[in-house]
Structures are given as C-alpha cells and as structure tokens.
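Enquirer:
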Amino acid sequence: MSQVPNSPNPSGQSNSNRVLIGVLGILLGGWGVHRFMLGDTTGGIIRIVLTVVTCGIGGIIGLIEGIIYLTKTDQDFNQIYVVQKKAWF
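Taking my numbering, the leading residue of the sequence shown gets 9, the next gets one more, and so forth.
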C-alpha cells in the first residue's frame, strides 16, 4: 500500500506552516510578519501602523492571532486563512 504525498495548497504553502505562522504571530505579531507570510501585505502593513501608533499595544492583535492559529487544525487553518484569506482573527 503506497502513500500519496500531501498535495500543496492552492497558494503553494504546506499545512505545516500553521505552526510557524502561529509562532511568528506570537513573537513578531506587532510587525505583521505572520500576515506577510500568509500573503496579506495590506494586513501586515496595517499591523505595523497600529503597533507604531499605539506605542506597541497594537501588537496584542498579533499575539491573539498567533494563539488562534495554533489552536486550529491544519485543515481549518488552511480553509480559513489560506483559501478564504480571512484578514482579522
């Protein structure tokens, strides 16, 4: 019985990026790194502006998003954030 390798997502990202993106959201969420990794340049820039304008308090959004990403299954993460490109939380 042979195993069929997982096919890549439509965006070319593998599901294993969920953990990496979640950790980046927690550690560097204020700088929007996790949004840039998802291909959401606008969302990344908005998070940078929010962090600068609020003197760092806006980074809490990235922390929350990172935790949410890590609590999703690979399939849920892929569907919500890669396919549907959900922008906030």
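Beta carbons are placed, not taken as given, at the ideal position from N, Cα and C, and that holds for glycine.
As the structure is a computational prediction, the values presented were derived from the model and not from experiment.
Kindly confirm or deny that the segment 37 to 50 and the segment 63 to 72 touch, where touching means at least three C-beta pairs closer than 8 Å.
Expert: Yes: at least three Cβ pairs fall under 8 Å.
Enquirer: Mind checking Phe85: buried by the 16 CB within 10 Å criterion, or exposed?
Expert: Taking the sequence shown and counting its residues from 1, one reaches residue 85 at position 77. With 16 or more other Cβ atoms within 10 Å, it is buried.
Enquirer: Count the other C-beta atoms from every protein chain shown that fall within 10 angstroms of the C-beta of Ile29, then say buried if there are 16 or more, exposed otherwise.
Expert: Within the sequence shown, the letter at position 21 stands for residue 29. That one is buried.
Enquirer: Quick one: which unbroken alpha helix (DSSP H) runs of 4-plus residues sit fully inside the segment 38 to 84? Chain order, please.
Expert: List check, alpha helix (DSSP H) in window: 41 to 45, 49 to 61, 67 to 79.
Enquirer: With H, G and I counted as helix, E and B as strand and the rest as coil, what does DSSP make of Gln92?
Expert: For the purposes of this step, residue 92 is taken as the residue at position 84 of the sequence shown. In the structure shown, Gln92 sits in coil (DSSP, three-state: anything other than H, G, I, E or B).
Enquirer: Considering only the alpha carbon of each residue, which of Gly74, Val90, Phe97 lies closest to Leu46?
Expert: The residue labelled residue 46 in the question sits at position 38 within the sequence shown. Here the closest residue by C-alpha is Val90.
Enquirer: For Val27 and Leu78, what's the separation of their Cα atoms in angstroms?
Expert: Locating residue 27 in the sequence shown gives position 19, counting from the first residue. Locating residue 78 in the sequence shown gives position 70, counting from the first residue. Cα to Cα, the separation comes out at about 6 Å.
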